[in-house]
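There are 2 protein chains.
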Amino acid sequence: MDIPAPRRTRIQQQKRELILEAALEVFSTNGFRGSTIDQIAEAAGMSKPNLLYYFRRKEDIHETLMKRLLDTWLAPLRELDDIGDPLTELRSYIRRKLEMARDFPRESRLFANEILQGAPRIMPMLEGELKTLVDEKAAVIKGWMRAGKIARTDPWHLIFSIWATTQHYADFDVQVRAVLGPDRGGDGRFEDAARFLEQLFIDGLKPKG
Amino acid sequence: MDIPAPRRTRIQQQKRELILEAALEVFSTNGFRGSTIDQIAEAAGMSKPNLLYYFRRKEDIHETLMKRLLDTWLAPLRELDDIGDPLTELRSYIRRKLEMARDFPRESRLFANEILQGAPRIMPMLEGELKTLVDEKAAVIKGWMRAGKIARTDPWHLIFSIWATTQHYADFDVQVRAVLGPDRGGDGRFEDAARFLEQLFIDGLKPKG
DNA sequence: CAAATTTTTGACCGGTTGGACAAACGTTAG
DNA sequence: CTAACGTTTGTCCAACCGGTCAAAAATTTG
Numbered sequence: 001m002d003i004p005a006p007r008r009t010r011i012q013q014q015k016r017e018l019i020l021e022a023a024l025e026v027f028s029t030n031g032f033r034g035s036t037i038d039q040i041a042e043a044a045g046m047s048k049p050n051l052l053y054y055f056r057r058k059e060d061i062h063e064t065l066m067k068r069l070l071d072t073w074l075a076p077l078r079e080l081d082d083i084g085d086p087l088t089e090l091r092s093y094i095r096r097k098l099e100m101a102r103d104f105p106r107e108s109r110l111f112a113n114e115i116l117q118g119a120p121r122i123m124p125m126l127e128g129e130l131k132t133l134v135d136e137k138a139a140v141i142k143g144w145m146r147a148g149k150i151a152r153t154d155p156w157h158l159i160f161s162i163w164a165t166t167q168h169y170a171d172f173d174v175q176v177r178a179v180l181g182p183d184r185g186g187d188g189r190f191e192d193a194a195r196f197l198e199q200l201f202i203d204g205l206k207p208k209g
Numbered sequence: 210m211d212i213p214a215p216r217r218t219r220i221q222q223q224k225r226e227l228i229l230e231a232a233l234e235v236f237s238t239n240g241f242r243g244s245t246i247d248q249i250a251e252a253a254g255m256s257k258p259n260l261l262y263y264f265r266r267k268e269d270i271h272e273t274l275m276k277r278l279l280d281t282w283l284a285p286l287r288e289l290d291d292i293g294d295p296l297t298e299l300r301s302y303i304r305r306k307l308e309m310a311r312d313f314p315r316e317s318r319l320f321a322n323e324i325l326q327g328a329p330r331i332m333p334m335l336e337g338e339l340k341t342l343v344d345e346k347a348a349v350i351k352g353w354m355r356a357g358k359i360a361r362t363d364p365w366h367l368i369f370s371i372w373a374t375t376q377h378y379a380d381f382d383v384q385v386r387a388v389l390g391p392d393r394g395g396d397g398r399f400e401d402a403a404r405f406l407e408q409l410f411i412d413g414l415k416p417k418g
């Protein structure tokens, strides 16, 4: 990175944001290697050397984007809380996750791209921060199961399946729209998905009578 | 493509297979633009011009790979049949899909890469062949619902969720292994996933008493 | 064996890419 | 006004990349 964080002027902050926004667009649709600095510069409305004045290397942009992304990306899971009704908690976790797929598909795709290619730049984060958080929440879910509040299953795979099903609507969006066709593939598809996922997970997780 | 298919010698077939195998490895981990002909050639143990003797352009390799992939990829869904017990049919569909994620993760990632980047090369196939097949199978599932054999839901989103959850174990494999850790992330993870998915989908789809 | 054919390779080319650099431009403060 | 500082740009470069080509090497055919 270029200018040390504390000494950034308002203009510098602004331009850096502009670049990051443009880079998100470009990286998320072309992957890291598939994106060029020129593309990002053009999307940000500036020349390549100008962009390189704010971020010395292409990788710096990607790294900054990635760091920032991970926090927001894990926020919904962080909010999953022990207090409150378990099924309600899970329901709103699923809803929040699906809303993120709807409202931040580029972020989802950026993340998917990185994982698909073996997570070369964020492996430590997965084994550290992410694993810790998931283990913690899995313990919470396990507690609910022991208390008979929800059916017994593997909490880790439950979390994976929530990730998979919700992010699918961002990462595989073109496929979803192609299969649903013009009529059902419109804006309503997220509400249909929400209804379906609620039924699948919540009804499926109700404790066995 | 180079030599017309009917006039290929045994050696040509063999070399082409070698190249396709190497290309699958490289494309699935780096994406199309992220992969170079040199990488593929090295992985196939030959020089770049030699590779280009068998496939004139980089795109031809990708196209051949993609065409071949789609058939095998959709085979499990094609097998989903109206005859036989609905829950058993769905259970074995899910199992076959998960087995494909386990045994052909590179194929899954190649496909995921393509879709993630907007499916520029296979869009017609998605809107045509794939949509037709899914619509057909959705009708079958709907029939089961009308007959009271399984609970009522959206058949399209049901299929999406099966795709998402099973392919997740191939596409996001590094993340799954990182989160499960060294002990649970070993070879047993697919059996755990199979048990979990069976419970989620099959128990969740039993008709409401 | 020799001629014909197929396969392999080294050298090369034009275009692209990430990045460096110095000069020009703009802005602010004394 | 002008010196200092921050910003922008045109130009350039070395590395890389997809692809060509002619000639060498290997193989097949007669």
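Chains as they are written, first to last, in our numbering: chain A, 1 to 209; chain B, 210 to 418. Glycine is no exception: its CB is placed at the ideal position from the N, C-alpha and C atoms.
Excluding the five sequence neighbours on either side, which residues of its own chain have a C-beta within less than 6 Å of the C-beta of residue i, listed in chain order?
i: ILE40 of chain A; result: ALA22, ALA23 and VAL26
i: PHE55 of chain A; result: ILE61
i: ARG315 of chain B; result: LEU233 and SER237
i: ALA138 of chain A; result: PRO155 and TRP156
i: MET123 of chain A; result: none
Let me make sure I understand the geometry here. Which of the options has the alpha-carbon closest to that of residue i?
i: ASP396 of chain B; options: B:GLN326, B:THR374, B:GLU308 and B:TRP353; result: B:GLU308
i: PHE410 of chain B; options: B:LEU299, B:GLY394 and B:SER317; result: B:LEU299
i: GLU400 of chain B; options: B:PRO329, B:ILE270, B:PHE264 and B:ARG304; result: B:ARG304
i: PHE313 of chain B; options: B:SER370, B:THR281 and B:PRO329; result: B:THR281
i: ARG121 of chain A; options: A:TRP144, A:ILE61, A:SER92 and A:ASN50; result: A:ILE61
i: PHE160 of chain A; options: A:MET145, A:LYS131, A:ALA43 and A:ARG56; result: A:LYS131
Just to confirm my understanding: we take residue i, look at its own chain, exclude 5 residues before and 5 after, and list those with CB closer than 8 Å. What are they?
i: LEU342 of chain B; result: LEU283, LEU286 and ARG287
i: LYS257 of chain B; result: ILE246, ASP247 and ALA250
i: VAL176 of chain A; result: HIS168, TYR169, GLY185 and ARG189
i: ASN113 of chain A; result: PHE27, SER28, GLY31 and PHE32
i: ALA328 of chain B; result: LEU335
i: LEU20 of chain A; result: ILE61, THR64, LEU65 and ARG68
i: MET145 of chain A; result: ALA151, ARG152, THR153 and PRO155
Given residue i, which residues of its chain have a CB within under 7 Å of its CB, disregarding the five upstream and five downstream residues?
i: ALA310 of chain B; result: SER317, THR375, GLN376, TYR378 and ALA379
i: ILE141 of chain A; result: PRO155 and LEU158
i: ALA402 of chain B; result: LEU307 and TYR378
i: PRO215 of chain B; result: Interpretation of PRO215 of chain B is limited by its pLDDT of 46, a score under 50 that renders its predicted location unreliable; the figure taken from the coordinates is listed afterwards. Excluding sequence neighbours, PRO215 of chain B sits near nothing in its chain.
So, residue i versus residue j, is the Cβ gap smaller than 9 Å?
i: ALA164 of chain A; j: PHE320 of chain B; result: no
i: MET255 of chain B; j: LEU289 of chain B; result: no
i: LYS15 of chain A; j: SER35 of chain A; result: no
i: ASN30 of chain A; j: GLN326 of chain B; result: yes
i: VAL174 of chain A; j: ILE292 of chain B; result: no
i: LEU279 of chain B; j: GLU338 of chain B; result: yes
i: ILE11 of chain A; j: TYR93 of chain A; result: no
i: ASP412 of chain B; j: GLY204 of chain A; result: yes
i: LEU52 of chain A; j: ALA44 of chain A; result: no
Meets three-Cβ-pair contact criterion under 8 Å: the stretch 56 to 65 of chain A and the stretch 265 to 283 of chain B: no
I'd like to know if the stretch 192 to 200 of chain A and the stretch 386 to 405 of chain B are in contact, where contact means that at least 3 CB-CB pairs between them fall below 8 Å. Taking 8 Å as the limit for Cβ pairs, the verdict is that the stretch 386 to 405 of chain B does not touch the stretch 192 to 200 of chain A.
Should the stretch 290 to 299 of chain B be called in touch with the stretch 350 to 358 of chain B, which here means at least 3 C-beta pairs below 8 Å? Enough Cβ pairs lie closer than 8 Å, so yes.
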